[in-house]
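S.K.:
Chains as they are written, first to last, in the working numbering: chain Y, 1 to 387; chain S, 1 to 371.
1) With respect to the alpha helix (DSSP H) encompassing residue 259(S), which residues constitute its N-terminal and C-terminal limits?
2) Report yes if the C-beta distance between residue 335(Y) and residue 217(Y) is below 7 Å; otherwise report no.
3) Starting from residue 298(Y), find everything on chain S with Cβ-Cβ shorter than 7 Å and list it in chain order.
4) Please name the residue or residues paired with residue 377(Y) in a DSSP beta bridge.
5) Please return the same chain residues whose Cβ sits closer than 6 Å to the Cβ of residue 309(Y), not counting the five positions on each side in sequence.
6) My output table needs one value for residue 291(Y): the three-state DSSP class, helix, strand or coil.
7) Restricting to Cα atoms, I'd like to know which of 304(S), 335(S) and 316(S) is closest to residue 325(S).
8) Ignore the nearest five residues each way along the sequence and tell me which others in residue 351(Y)'s own chain have a CB closer than 8 Å to its CB.
9) Three or more C-beta pairs closer than 8 Å, one from the segment 147-159 of chain S and one from the segment 187-196 of chain S: is that the case here?
10) Note down the Cα distance separating residue 224(Y) from residue 178(Y), rounded to an integer number of angstroms.
11) Does the distance from the C-beta atom of residue 345(S) to that of residue 367(S) stay below 7 Å?
12) For residue 192(S) and residue 255(S), what's the separation of their Cα atoms in angstroms?
13) From the DSSP output, which residues share a beta bridge with residue 54(S)?
14) Measure the beta-carbon distance from residue 101(S) to residue 222(S) and round it to whole angstroms, keeping in mind my assumption that it falls under 8 Å.
15) Quick one: list the residues of chain Y neighbouring residue 271(S), beta-carbon separation under 9 Å, in chain order.
16) Within 7 Å (strictly less), CB to CB, does residue 277(Y) reach chain S?
17) Which residues does DSSP list as the beta-bridge partners of residue 333(S)?
18) Taking just the CA atoms, how far does residue 273(Y) sit from residue 190(Y)?
19) With a Cβ-Cβ cutoff of 7 Å, do residue 89(Y) and residue 66(Y) count as a contact?
20) Compile a chain-ordered list of the residues in the segment 20-35 of chain Y whose CB is closer than 9 Å to at least one CB of chain S.
21) Where do the N-terminal and C-terminal ends of the beta strand (DSSP E) with residue 25(Y) fall, by residue?
22) Check each residue of the segment 3-35 of chain S: if its Cβ is closer than 8 Å to any Cβ of chain Y, include it; give the result in chain order.
23) With distance defined between alpha-carbon atoms, name the residue in 283(Y), 7(Y), 247(Y) and 269(Y) nearest to residue 130(Y).
24) Considering just the uninterrupted stretch of the alpha helix (DSSP H) at residue 207(Y), what are its terminal residues?
25) May I have the straight-line CA-CA distance separating residue 293(S) from residue 329(Y), to the nearest angstrom?
26) Kindly say whether residue 61(Y), judged by its beta-carbon, lies nearer than 7 Å to any beta-carbon of chain S.
27) Using DSSP with H/G/I as helix, E/B as strand and the rest coil, what is residue 99(Y)?
28) Does the count of Cβ pairs from the segment 18-25 of chain Y and the segment 155-166 of chain Y closer than 8 Å reach three?
29) If we ignore side chains and look at the alpha-carbon of each, how far apart do residue 334(S) and residue 348(S) end up?
30) Does chain Y have any CB closer than 7 Å to the CB of residue 360(S)?
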């Protein structure tokens, strides 16, 4: 019988409501990042680079762009006859069917998918984190500790600890306590939302959780605490490196800007651990005779005739003559016509900013905390608009 | 377009390109920052709807196969049809004039025999263009032609040099094929090294001529011009032929002209090439780039003017690059100055060094040089 050692389940169904109009038309994992990438590229590239070739992608919120982007997974070398990328939307059975009610419920509804590959381990990952991780090292650690569940963790600043699932561990890194978003954290060891389970343990826990009517069917809130209470062997894996949850506009904007200071950020230029994307052929980008570009990332297919400072331009962006783009992120195929000024903004896909527009945060005095203007995708901002 | 297949003679000769073709055939010479010359005929076939393409390989075909793979990036990895690699014959010394050697086809006759298509489009591989053959094919069928030769018109000696001049009769029939006379006085129709031929006729010509060594299909055509229905079809598209270093330099620089860039790279007939999936290009605080084309994965901190950079270039602060073409992964040290230079792949120019060619005679620095 064919089988796989490890199947990855990638949670990509979240609405990402805190990203506001960035996710009005697309799921959060499909939001562009760092110019040509989309957020889900990082998790899928991690799988590819870790030799995990079977990935179930759980989608339910506005999945079209995400599904068409993932396709058969060839862009991440994940197109396989047995295994590969499988998109798993909620479905109807003979008598019942429902939306995914929580992270654990989403996996529960796809137990048959996992059983088909008969894996030893199931890796639960999320489609909205920016990080590079070799999951093979996590699996090795899990085996070495003879763990039943291993949670990947990193140390976060104490003041932010209450935003995360916080763990306490003993000297062997066995988990003694787990609290989801505690108001008064007892430790700063945070869960990254990356869990490795023995499949037999997870399956049993999912069946139990499903029967528990008081449960929110969430890994962090229900499944992990319940396994801990039962005395299962839960271990913490200590991850070293850059990891960012891009759950809010501010953290999303900040993570993008960190790419411009690549030393303390995700290194997209590293050829040893590449981030793959579903790229299409684009022409080289053209920089005009009067253009000026400083401290920016420019993707293929762009045409820059104006000025671009501290900004990230996705493929196919057009910046017209005498226009200025500062401290901004411009998504795929957006068009900025002549004589416009854009500062601290995120411009959506295929949005058109006509000439003589001014888009910037209202309060100029505090540049650090001033708001970020988000212009939704497929919009047309008429000539002369001031936002 | 199931009734048409394509053949690219990927072994077009290229003796005048100096270092650029020392280690690679002209089909694999990089062009326009991210393409290779082969991409142009191949994409034109694909955009015409041709689903079966035979590629005759040059002798040193590693760079060509490295680029094409199984043809996936041109959607030519098919169950029905797709990309077929046809090993070219070992020719030894032949004159440059010969483009479409019958021996190359005779060696791969099975490719033509097992197919059932009515017509074959044949192109050589030293020109850059973005052409849809649909109009030419419709013309070919309407005229019930045996062969349709594609041509352009020009009076400039540079365009006509080493070209075959067509004598046209009524209704676009071809009366004669001739080499160009010394100084033309008016517009001359010249053959642009692409033609459409009935597959069965092609098979007959191969069988009839294969015993003769080194014979060109065009010679076979010439011999039989009075018994065949040979027509000519005029095209108006940009055809950038690359026979010399200067041609290579100028055809690349043509891409900085908006109208040519639009026709060649931004037309609705998309150009396909091997997808590399590299990160975007980073511009540092001291970058100053004007009127240039850049590909992904570059790191720019110096001055660049009127130049074309392939992926992976590193330009250090103070470096000045003007009228240059940089192939993949070149490194230009601080304060180095480059003007009218073509750098092949992996060239490193150390800090402060100066390299200058002229507009008429650009300097070519060969692969992996350290200067």
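Cβ atoms here follow ideal geometry from the backbone N, Cα and C, with glycine treated the same way. Values in this document were obtained by computation on a predicted structure and should not be read as measured data.
M.R.: In short:
1) Looking up residue 259(S) in the second chain gives position 259. Per DSSP, residue 259(S) belongs to the alpha helix (DSSP H) from 258-265.
2) Translated into the one-based positions of the first chain, residue 335(Y) becomes position 335. Translated into the one-based positions of the first chain, residue 217(Y) becomes position 217. It is not a contact, given that the beta carbons lie outside the stated cut-off.
3) Along the first chain, one-based indexing puts residue 298(Y) at 298. Going along chain S in sequence order, the residues near residue 298(Y) (Cβ under 7 Å) are 280, 281 and 283.
4) Taking the first chain and counting its residues from 1, the one referred to as residue 377(Y) is at position 377. DSSP output for residue 377(Y) lists no bridge partner at all.
5) For the purposes of this step, residue 309(Y) is taken as residue 309 along the first chain, with counting starting at 1. These residues qualify, in order along the chain: 294 and 326.
6) Start at 1 with the first residue of the first chain, and residue 291(Y) comes out as number 291. In this structure, DSSP gives residue 291(Y) a state outside helix and strand, which the three-state scheme calls coil.
7) Taking the first residue of the second chain as 1, we reach residue 325(S) at position 325. When only C-alpha atoms are compared, the closest one is 304(S).
8) Here residue 351(Y) refers to the residue found at position 351 when the first chain is read from its first residue. If we look at residue 351(Y) and ignore the five residues flanking it on each side, its Cβ neighbours are 331, 334, 335, 375, 376, 377, 378, 379, 380 and 381.
9) Judged by Cβ distances under 8 Å, the segment 147-159 of chain S makes contact with the segment 187-196 of chain S, as three or more pairs qualify.
10) By 1-based counting over the first chain, the position of residue 224(Y) is 224. By 1-based counting over the first chain, the position of residue 178(Y) is 178. Each residue's alpha carbon lies about 8 Å from the other.
11) Locating residue 345(S) in the second chain gives position 345, where the first residue counts as 1. Locating residue 367(S) in the second chain gives position 367, where the first residue counts as 1. Yes.
12) For the purposes of this step, residue 192(S) is taken as the residue at position 192 of the second chain. For the purposes of this step, residue 255(S) is taken as the residue at position 255 of the second chain. Computed Cα separation, rounded: 20 Å.
13) Counting from 1 along the second chain, the entry for residue 54(S) is found at position 54. According to DSSP, which records beta bridges pairwise, residue 54(S) is partnered with 7(S) and 84(S).
14) By 1-based counting over the second chain, the position of residue 101(S) is 101. By 1-based counting over the second chain, the position of residue 222(S) is 222. Going by Cβ atoms, the distance from residue 101(S) to residue 222(S) rounds to 15 Å, so no, they are not a contact pair.
15) Stepping through the second chain from its first residue, residue 271(S) is reached at position 271. Within chain Y, the residues whose beta carbon sits less than 9 Å from that of residue 271(S) are 281 and 283, listed in sequence order.
16) Position 277 of the first chain, counting from 1, holds the residue named residue 277(Y). Residue 277(Y) counts as touching chain S.
17) By 1-based counting over the second chain, the position of residue 333(S) is 333. None; residue 333(S) has no bridge partner.
18) What you label residue 190(Y) is simply residue 190 of the first chain in a count that begins at 1. What you label residue 273(Y) is simply residue 273 of the first chain in a count that begins at 1. Cα to Cα, residue 190(Y) sits roughly 24 Å from residue 273(Y).
19) Here the question's residue 89(Y) lines up with position 89 in the first chain. Here the question's residue 66(Y) lines up with position 66 in the first chain. Not in contact: residue 89(Y) and residue 66(Y) (Cβ atoms no closer than 7 Å).
20) Across the segment 20-35 of chain Y, CB contacts with chain S closer than 9 Å involve 34 and 35, in sequence order along the chain.
21) Here residue 25(Y) refers to the residue found at position 25 when the first chain is read from its first residue. Run containing residue 25(Y): none; DSSP gives neither H nor E here.
22) For the segment 3-35 of chain S, the set of residues with a beta-carbon nearer than 8 Å to any beta-carbon of chain Y comprises 32, 33 and 34, in chain order.
23) For the purposes of this step, residue 130(Y) is taken as residue 130 along the first chain, with counting starting at 1. Of the candidates 283(Y), 7(Y), 247(Y) and 269(Y), the one whose C-alpha sits nearest the C-alpha of residue 130(Y) is 247(Y).
24) Stepping through the first chain from its first residue, residue 207(Y) is reached at position 207. Its alpha helix (DSSP H) spans residues 199-211.
25) For the purposes of this step, residue 293(S) is taken as residue 293 along the second chain, with counting starting at 1. For the purposes of this step, residue 329(Y) is taken as residue 329 along the first chain, with counting starting at 1. If you take the alpha carbons of residue 293(S) and residue 329(Y), they lie about 21 Å apart.
26) As a position in the first chain, residue 61(Y) is number 61, starting the count at 1. Residue 61(Y) does not count as touching chain S.
27) Walking along the first chain from the start, residue 99(Y) turns up at place 99. Note: residue 99(Y) maps to coil in three-state DSSP.
28) no
29) Against the second chain, residue 334(S) aligns to sequence position 334. Against the second chain, residue 348(S) aligns to sequence position 348. Computed Cα separation, rounded: 11 Å.
30) Looking up residue 360(S) in the second chain gives position 360. Chain Y contact via Cβ: absent.
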